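Asks: This is the structure I want to talk about, given as structure tokens.
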Amino acid sequence: MKRVKFGAVKPEGALRASIQADMDGCIGHLEELAPAIVCNQDIYGEDRLTRLSKQAELGRKPDEHSEFEGGGTEVQFMWWNSESQSNWRDGYVRAALLLEDPVLRKKADGYIDRILATQDEDGYLGIYGTDLRYRHTTENGELWSKSTLYRVLLGYYEATGEQRVKDALVRAFDNLMEGYPMGSSDPFLVDKSFCGHCHGLTIVDALGGMYELTGDEKYLDYAVWLYERYSANEVEEEDLTLSSIRNPHYFWKNHGVHLYEHLRAVILAASRKAEYRPLLELVRAKLPYYLTPSGGPIGDEWVNRRTANASRTGYEFCSVTELFDSYALLLEKTGDLSVGDDMEWLYFNAGLGMKHPTESSIMYCKTDNCYTANRQRNPGDVYADERYKYSPVHQTTAVCCVPNMGRLTPHYVQNMFLAEDDGFTASLFGESRFTGEFGGVPVTIRQLTSYPAETEVTFEVTVPKPVHFTLRVRRPKWAESVSAGCDFSEKPGCIAVEREWNGTQRVTVRFSCSVKIRTDFCRDAFVTRGPLVYALPIEAREHQLLAYETRPFREVAYESLQREREALRIHEDDRGSFVYEPAVSGSWREQTVTGKFWDGAQTQTLSMVPMGGTILRKVTFPLAADKRA
């Protein structure tokens with residue numbers, strides 16, 4: 155399987171509306187909401203970091219032992235501003251290209267122009283002056299700042315084919331590989347490490363993209379070498395080093411975002427070297443213990459040797475995005491279509507469940523059972539955590555999760571189709587249009603659907619002349635049966651329609667499903683139907699914390715008005731009481747599942763909604779065996 159180029163799939167219907175809403179909302183206005191971080195600092199250009207940089211308020215980590223005047227590690231300054239800037243631009247540029255909006259496209263083009271103009275004659279493209287680049291002895295943001303930026307350029311090139319962008323990337327990587335030559339340098343050998351240093355392993359994303367772009371295997375070899383050097387050093391984030399993976403007694407403990415983005419280094423290494431494939435399988439076997447029922451990957455912000463608990467372990471929006479991207483690479487490299495189930499589950503439940511359902515803002519961290527959004531993980535917490543509120547910026551903590559809000563849906567769209575030697579595979583579902591080529595013949599495949607409101611997808615295939623290929627459609631694990639109204643064959647993880655296509659033809663695939671009561675690792679029950687997890691909404695009192703001058707953006711908190719719902723259980727005898735009711739509006743967020751709940755004294759019949767449309771909610775329920783208890 156091979157991922158199709160970015161831009162080959164265009165969103166339609168609800169997916170397009172979601173991207174448009176982000177661009178009309180905080181993603182399209184982040185320059186106004188957080189100018190000091192996003193645009194006032196030309197960190198890749200005239201504001202590059204040098205040994206004389208002293209902007210302590212912009213990310214400097216104090217260190218009394220520093221060799222620099224006033225303390226501070228040499229390169230901790232501002233590297234996370236590069237993260238915020240480039241992740242935001244990645245979402246913005248991709249959205250502009252997908253929406254094909256001329257105003258947005260002009261702005262995106264201007265950003266690419268400005269970035270390319272910062273490239274030095276030797277090819278260097280990054281955030282450091284000549285006195286720091288490739289010469290770090292402590293904290294090092296070199297690779298991380300490059301990885302986030304280069305992802306933007308790769309996506310732009312895939313969609314536009316502009317040769318100048320490809321040339322710039324080739325020169326930039328030549329410079330990187332000369333700055334840290336393979337076999338005679340050690341980019342991860344430093345006296346002190348922090349987040350940027352560990353984030354840097356994510357450069358494997360861009361290296362994999364360069365291989366796809368050029369076909370030159372040197373980029374894959376370099377990526378594997380970086381992972382091996384990372385594993386060989388004493389790094390702060392060690393969860394997925396080779397030695398940690400091999401240790402059966404090792405429990406994940408580090409920063410969640412790093413953990414889930416480092417999965418891609420393991421996946422790439424395993425695809426390159428057979429000796430690492432068993433290690434990848436060990437990681438895959440361990441991962442479910444760190445996922446909540448929604449698919450949310452725990453770490454708020456640290457995993458801390460915990461396993462998933464729907465109430466006690468939160469997850470970060472950045473982690474959701476990074477895990478989604480890791481799933482995408484895993485799907486491509488292994489061909490295991492069941493990974494598509496994980497991708498859509500994560501997107502519709504954890505991802506959309508962190509977005510405000512009516513305003514343009516997110517919670518930086520959230521739990522599946524969300525009983526408060528009042529700067530607390532749970533009611534009664536004695537400390538305030540600014541991550542647990544709705545904000546269009548989250549500048550009091552870090553402007554990193556909001557940019558990833560803008561990346562999530564474009565990345566979902568990009569991964570909806572995969573190319574194979576004998577045809578194409580629909581790996582994710584939603585209203586969209588894919589344009590490709592098979593055997594020299596242009597092929598357009600539209601998905602006509604209201605998925606996930608309905609679990610039926612019509613594939614409209616259009617070709618200008620007859621051509622024979624196979625259309626594969628992922629068969630979700632939750633599907634109890636599948637029909638297509640035409641001949642198809644069952645393949646591992648999918649159904650396959652092989653035929654000669656001519657003109658415009660339609661194939662409607664129907665996945666049957668019913669309400670299921672599932673159990674998490676805490677032995678609590680949760681309710682699902684198809685790709686959606688359902689939640690019991692909790693009425694809340696809203697508190698406005700801050701109103702921005704850029705209207706209508708604001709920070710808000712929520713306090714529960716239905717604390718009694720936190721204690722509700724499901725009795726074993728009532729498992730069969732849950733009934734699905736489609737929404738009259740056709741919106742998946744308004745469909746319901748109605749069932750019986752036990753409060754310790756009496757049974758109540760209550761309606762649940764998809765958790766992706768909730769603020770405060772209860773998702774998991776202890777199972778009661780005896781109503782007398």
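If you read the sequence shown in our numbering, its first letter stands for residue 155, the second for the next number, and so on. Note that the Cβ used here is the ideal one computed from N, Cα and C, for glycine as well. All values derive from a computational prediction rather than experimental measurement.
#1: Which first and last residues belong to the alpha helix (DSSP H) in which W456 is found?
#2: Which of the three DSSP states is assigned to N528 in this structure?
#3: In terms of residue numbering, what span does the beta strand (DSSP E) encompassing M762 cover?
#4: Return helix, strand or coil for Q568, following the three-state DSSP convention.
#5: Verify whether the separation of the beta carbon atoms of E585 and P620 is less than 9 Å.
#6: Please go through the same chain and pick out, in chain order, the residues whose beta-carbon is closer than 6 Å to the beta-carbon of Y381, but skip the five residues on each side of it.
#7: Less than 6 Å between C-beta atoms, sequence neighbours within five positions excluded: which residues of the same chain meet that for A842?
#8: So the candidates are T682, G410 and P618; which of them puts its Cα closest to the Cα of G789?
#9: Quick check: the Cα distance between D321 and Y311, rounded to an integer number of angstroms?
#10: Any idea what DSSP makes of W379, helix, strand or coil?
#11: Report buried or exposed for D345, applying the criterion of at least 16 other Cβ atoms within 10 angstroms of its Cβ.
#12: So if DSSP puts L422 in a beta bridge, which residue, or which two residues, is it bridged to?
#13: Report yes if the C-beta distance between I767 and L760 is below 9 Å; otherwise report no.
#14: In terms of residue numbering, what span does the beta strand (DSSP E) encompassing Q601 cover?
#15: Pick out whichever of T475, S473, K440 and S448 has its Cα sitting closest to the Cα of R459.
#16: From what residue to what residue does the beta strand (DSSP E) around C472 run?
#17: Helix, strand or coil: how does DSSP classify I197 here?
#18: Quick one: grab the DSSP three-state call for W752.
#19: Which residues mark the beginning and the end of the alpha helix (DSSP H) in which Q317 is found?
#20: Answer with yes or no whether the minimum CB distance from T550 to chain C is below 9 Å.
#21: Quick one: what does DSSP say G639 is sitting in, helix, strand or coil?
#22: Is there contact here, the region 475–483 with the region 552–571, by at least three beta-carbon pairs under 8 Å?
#23: Which of the three DSSP states is assigned to K619 in this structure?
#24: Which term fits N194, buried or exposed, when burial requires 16 or more other beta carbons within 10 angstroms of its beta carbon?
#25: Given a threshold of 16 other Cβ atoms within 10 Å of its Cβ, counted over all protein chains shown, does G639 qualify as buried or as exposed?
#26: Express the C-alpha separation of T551 and V536 in angstroms, rounding to a whole number.
#27: Is the number of C-beta pairs between the region 523–531 and the region 484–498 that are closer than 8 Å three or more?
#28: Assign T673 to one of three DSSP states: helix, strand, or coil.
#29: According to DSSP, is W655 part of a helix, a strand, or is it coil?
#30: Under a Cβ-count criterion, where at least 16 other Cβ atoms within 10 Å of its own Cβ denotes burial, should Y414 be classed as buried or exposed?
#31: Give the straight-line distance between the Cα atoms of A171 and L602, rounded to the nearest whole angstrom.
#32: With 16 other CB atoms within 10 Å as the buried threshold, where does S121 fall?
Replies: Result, derived from the coordinates:
#1: For this step, residue 456 is matched to residue 302 along the sequence shown. It is not in any alpha helix (DSSP H) - W456 carries neither H nor E in the DSSP assignment.
#2: Position 374 of the sequence shown, counted from the first residue, corresponds to residue 528. Coil.
#3: The residue you call residue 762 lines up with position 608 of the sequence shown. T757 to P764 is the span of the beta strand (DSSP E), which, as asked, contains M762.
#4: Start at 1 with the first residue of the sequence shown, and residue 568 comes out as number 414. Helix, per DSSP.
#5: To locate residue 585, count along the sequence shown from 1; it is residue 431. To locate residue 620, count along the sequence shown from 1; it is residue 466. No, these two residues do not count as a Cβ contact at 9 Å.
#6: Locating residue 381 in the sequence shown gives position 227, counting from the first residue. Only A419 and A423 meet the Cβ criterion.
#7: Since the first residue of the chain shown is 155 and the last is 783, residue 842 is not available in this structure.
#8: Within the shown structure, residues of the chain are numbered from 155 to 783, placing residue 789 beyond reach of any answer.
#9: For the purposes of this step, residue 321 is taken as residue 167 along the sequence shown, with counting starting at 1. For the purposes of this step, residue 311 is taken as residue 157 along the sequence shown, with counting starting at 1. Going from the Cα of D321 to the Cα of Y311 covers about 10 Å.
#10: On the sequence shown, residue 379 is found 225 positions in, with the first residue counted as 1. Helix.
#11: Counted from its first residue, the sequence shown places residue 345 at position 191. By the neighbour-count rule (16 or more Cβ atoms within 10 Å), D345 is not buried but exposed.
#12: Reading the sequence shown from its first residue, position 268 is the one you call residue 422. None, per the DSSP bridge assignment.
#13: Looking up residue 767 in the sequence shown gives position 613. Looking up residue 760 in the sequence shown gives position 606. As written in the sequence, residue 767 is Gly, which differs from the Ile given in the question. Not closer than 9 Å, so no.
#14: Here residue 601 refers to the residue found at position 447 of the sequence shown. Segment V595 to L602, the beta strand (DSSP E) holding Q601.
#15: Your numbering for residue 459 matches position 305 in the sequence shown. The option with the nearest alpha carbon to R459 is K440.
#16: Against the sequence shown, residue 472 aligns to sequence position 318. Taken as a continuous stretch (DSSP letters only), C472 belongs to no beta strand (DSSP E), being part of the alpha helix (DSSP H) at F471 to T488.
#17: Counting from 1 along the sequence shown, the entry for residue 197 is found at position 43. Looking at I197 - three-state DSSP - the assignment turns out to be coil, as it is neither helix nor strand.
#18: Locating residue 752 in the sequence shown gives position 598, counting from the first residue. The answer is strand: DSSP assigns W752 an E or B state.
#19: Residue numbering aside, residue 317 sits at position 163 when the sequence shown is read from its first letter. Q317 to G333 is the extent of the alpha helix (DSSP H) around Q317.
#20: Protein chains in the displayed structure number just one, and chain C is not present.
#21: One-based indexing of the sequence shown puts residue 639 at position 485. Coil at G639, not helix or strand.
#22: yes
#23: As a working note, residue 619 is residue 465 in the sequence shown. Strand, per DSSP.
#24: Within the sequence shown, residue 194 is the residue found at index 40, counting from 1. Burial call: exposed.
#25: As a working note, residue 639 is residue 485 in the sequence shown. It counts as exposed.
#26: Here residue 536 refers to the residue found at position 382 when the sequence shown is read from its first residue. Here residue 551 refers to the residue found at position 397 when the sequence shown is read from its first residue. The straight-line gap from Cα to Cα measures roughly 18 Å.
#27: no
#28: On the sequence shown, residue 673 is found 519 positions in, with the first residue counted as 1. Here T673 sits in strand by DSSP.
#29: As a position in the sequence shown, residue 655 is number 501, starting the count at 1. Three-state result, W655: strand.
#30: Within the sequence shown, numbered from 1, the residue matching residue 414 stands at position 260. So Y414 ends up on the buried side.
#31: Here residue 171 refers to the residue found at position 17 of the sequence shown. Here residue 602 refers to the residue found at position 448 of the sequence shown. Approximately 15 Å, taken between the alpha carbons.
#32: There is simply no residue 121 to check, as the chain begins at 155 and stops at 783 in what is shown.
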